[in-house]
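Going down the list, the protein sequences come from chains D and H. Letter by letter, the first sequence follows residues 1 to 161 in the UniProt record's numbering. Letter by letter, the second sequence follows residues 1 to 431 in the UniProt record's numbering. Heads up, the beta-carbon is just placed ideally off N, CA and C, and yes, glycines get one too. In this text the structure is predicted, and so the values were computed from the model without any measurement. Notes follow once the structure below has been shown.
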Amino acid sequence: MQSVTRTDVEDFLFNEAELLDQWRLPEWLTLFTEDARYEVPCTDLPTDASSDTNLFYIADDRMRLGERVKRLMKRTAHAEFPHSKTSRIVGNVRIHARHADEIDVTSVFQTLRTKDGVTDLYFGTNKYRLALRDDGFRIREKRCLLGGEGLRPSGRISIVL
Amino acid sequence: MNAEHPQPALLVNPAQRIFKVARRNFVDPEIFKAEKEKIFDRSWLYLGHSSELPKPGDFVTRKVAGRGILFTRDSKGQLRALLNTCPHRGAQVCRERKGNAKSFQCFYHGWVFGADGKLRSQPGEASYPEGFKGRDTSNMQPVPRFETYRDFNFISFDGNIMPLVDYLAGAKEYLDVICDQTDAGMSIVAGSQEYSIRANWKLLTENSIDGYHAATTHATYFDILMSSTDNLATGMGGGGYGYDLGNGHAVLEYGAPWGRPVAQWIPGWGEAGKSEIERIYDNLVQRHGEARAERIARKNRNLFIFPNLVVNDIMALTVRTYFPMAPDYMVINAWALAPNDESAWARKYRLNNFLEFLGPGGFATPDDAEALEHCQRGFENSKEALWNDISKGMGKEKPHHDDELQMRAFWTQWNKQMFPAPASGIKSVAA
């Protein structure tokens, strides 16, 4: 665990961004542990708020994350049919803490999404807990802290941030 | 304005079961302008819930129909709705979204106001006449009208509007049914969903009380629900009715297969959940009797209060309000409401339920937004393709919840306020 470098983490996160940009969502899902969580809190909440007691935009356990992926790959997920085009930039990657079997990581993101002639910008910070496995990292927790106030004018999170 | 327009806003003929809405109503800048004056300046508008300001000094700032409002609980515990503008030179006084404060200071020249809006002090007081502070015009101005029903706080910019309870008409009884879920009071859960849709605001009114679109627009949600519940057969099809509640308000009330934290159990919630739900249900029966308890717990309600408040009592309880910013752009604020005496288990499942279906990151709301935006795009053809049809269920003695009576109720009131004297060409405005 001590030998993990920031470059290792960057490679992992850049790969994650590429899978999402290419809509390879089932493959992206394999990056997560079985007990994983993916959460996007509302922007008027403290960054460490719990989704058990506060209203979020997204609070997926691994099962619902799987449903999210299944849904987004269907034609009947109307908000993403046809799939939007996205471009994710991931930067400012930092390892904040090293534990026995996982590390705490943050990165900032800027994601552009284009659909039907309209382009929206999503930006903020992603906080990760990355588990170390023999074959590389797995995401145990991904908490997306949106910059800005609310979702205006982007309006929705129909992609994965 | 409309009188000179060759095309009426509505085309209604009950005998032939025709109810058409001009698509121009969704795109015309003149309509957009007139709505500000004739709808939003003459209605009761939802401001916030009393639970958002539990303690003296608590405040939130909020935009309602284009006005900045400072919503406070003053030192005596009384709720106040103030126009968030300094009586001196107009600057916005409070620039924070929420918090607790003993007083509010306008940073421009330093005037200080209490949470009741009264001027406390101003720099250079000696240069003002004696008694200046005692003048009403020296205080922050309250909104023209401010009234509360069961912790739902409304404001109106029309000083002569009828009292809120009269305005609510038949919607009052439905708010009662919703609030009677508990006798411990309800609170807004922390976390505000603030989003937007690139579509006319009236499309969200229609969508919020539209029981017809669920099976197709929300196909993916029902796929998931089907895999997590075994009572889908009781489903969305025939189990409910739509009602015109007067003054433009409407509701649909129906049975549905999803779990309800108050109080309909689904297998996905396990045995622990089952006993909890049974306890809540038994409690309702004790307080309200079997029939009303059954209605409170097992029926779903999509309640619309004219012109822009939706209270959805479905797989969770939501409060949603929205405002037009342009003919083709609206902003939306949505909250979760929950009983104060709810267990941690139930609260968790409530929020889980909420996010599965609702909100801009859920499995349903993004598809609604997509539908509304594509209606707005379709209206690009409104000069040639003139009309929307909302006649479904017309002439039925008791229209079903997936008929369109609710929309006809909204549009009839909208038309009455927009064009009070029947304009030439409007054949009828009856729903």
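Three-way DSSP call (helix, strand, coil) for residue i in this model
i	result
Val69/D	helix
Tyr77/H	Residue identity check: residue 77/H is Gly in the sequence provided, not Tyr. DSSP places Gly77/H in coil when its eight states are reduced to three.
Cys144/D	strand
Val9/D	helix
Thr85/H	coil
Met140/H	coil
Ala421/H	coil
Ile39/H	helix
Phe14/D	helix
Arg347/H	helix
residue 473/H	Any question about residue 473/H goes unanswered here, given that chain H covers just 1 to 431.
Trp387/H	strand
Pro41/D	strand
Ser3/D	coil
Ile224/H	helix
Thr119/D	strand
Glu342/H	coil
Asn312/H	strand
Asp403/H	coil
Asn25/H	helix
Pro257/H	coil
Gly134/H	helix
Leu376/H	Note that residue 376/H is Gln in the sequence shown here, rather than Leu. Helix.
Pro382/H	The displayed chain sequence assigns Ser, not Pro, to residue 382/H. Note: Ser382/H maps to coil in three-state DSSP.
Gly361/H	coil
Leu151/D	coil
Thr160/H	This sequence places Asn at residue 160/H; Thr is not what is there. The answer is coil: DSSP assigns Asn160/H none of H, G, I, E or B.
Glu34/D	strand
Phe304/H	strand
Leu161/D	coil
Ala15/H	helix
Straight-line Cα distance separating residue j from residue i
i	j	result
Ile18/H	Asp180/H	38 Å
Cys144/D	Glu39/D	6 Å
residue 506/H	Asn25/H	The requested residue 506/H does not occur in the structure, where chain H is confined to residues 1 to 431.
Val262/H	Ala338/H	10 Å
Ala17/D	Gly124/D	14 Å
Leu72/D	Leu225/H	16 Å
Phe104/H	Asn153/H	22 Å
Gly237/H	Ala369/H	No answer about Gly237/H holds up, because its pLDDT of 42 lies below 50 and its placement is not dependable.
Ser127/H	Pro142/H	26 Å
Ala49/D	Gln122/H	39 Å
Ile103/D	Thr5/D	11 Å
Glu34/D	Arg62/D	6 Å
Asn139/H	Asp116/H	9 Å
Asn352/H	Ala59/D	8 Å
Asn300/H	Asn312/H	8 Å
Gly66/H	Ala409/H	25 Å
Phe323/H	Leu45/D	23 Å
Thr137/H	Ala371/H	48 Å
Phe354/H	Gly242/H	23 Å
Ser275/H	Ile314/H	21 Å
Ala364/H	Lys142/D	22 Å
Gly170/H	Trp28/D	50 Å
Tyr329/H	Arg145/H	27 Å
Ala233/H	Gln417/H	Only weak support is given to the placement of Ala233/H: the predicted model assigns it a pLDDT of 47, under 50, and the value that follows is read from those uncertain coordinates. If I take the Cα positions, the gap works out to 42 Å.
Val9/D	Gly150/D	29 Å
Whole-Å CB distance - residue i paired with residue j, under 8 Å assumed
i	j	result
Ser156/H	Ser43/H	7 Å
Arg347/H	Ala316/H	10 Å between Cβ atoms; not a contact.
Ile95/D	Phe109/D	Contact doesn't hold; Cβ gap of about 17 Å is too wide.
Leu204/H	Ile332/H	7 Å
Beta bridge counterpart(s) of residue i as assigned by DSSP
i	result
Pro324/H	Met330/H
Ile188/H	Leu337/H
Gly99/H	Phe59/H
Glu194/H	Asn333/H
Ile58/D	Val40/D
Lys85/D	Thr114/D
Arg94/D	Thr106/D
Glu147/H	Phe154/H
Thr318/H	Asn312/H and Ala336/H
Ser121/H	Val112/H
Closer than 7 Å between beta carbons: that is the criterion. Which residues of the stretch 69-92 of chain D meet it against chain H? Flagged, chain order: Arg71, Lys74, Thr76, Ala77, His78 and Ala79.
Got a sec: which bits of the stretch 352-380 of chain H sit with their beta carbon under 9 Å from any beta carbon on chain D, in order along the chain? Cβ contacts with chain D: Asn352, Phe354, Leu355, Glu356, Gly359, Pro360, Gly361, Gly362, Phe363, Thr365, Pro366, Asp367, Asp368, Ala369, Glu370, Ala371, Glu373, His374 and Arg377.
With 9 Å as the C-beta to C-beta threshold (strictly closer), list the residues of the UniProt domain "Rieske" (45-129) of chain H near chain D in chain order. The residues in question are Arg97 and Lys98.
What are the residues in the stretch 189-202 of chain H lying within 8 Å of chain D by C-beta distance? Of all residues in the stretch 189-202 of chain H, Val189, Ala190, Gly191, Ser192, Gln193, Glu194, Tyr195, Ser196, Ile197 and Arg198 have a Cβ within less than 8 Å of some Cβ in chain D.
Members of the stretch 308-339 of chain H near chain D, C-beta cut-off 8 Å: Near chain D, meaning a CB-to-CB distance below 8 Å, the residues of the stretch 308-339 of chain H are Tyr329, Val331, Trp335 and Ala336.
The stretch 11-35 of chain H: positions lying closer than 7 Å to chain D by Cβ: If the cut-off is 7 Å between Cβ atoms, the stretch 11-35 of chain H has nothing near chain D.
Using a Cβ cut-off of 9 Å, which residues of the stretch 139-159 of chain D contact any Cβ in chain H, in chain order? Of all residues in the stretch 139-159 of chain D, Glu149, Gly150, Leu151, Arg152, Pro153, Ser154, Gly155, Arg156, Ile157 and Ser158 have a Cβ within less than 9 Å of some Cβ in chain H.
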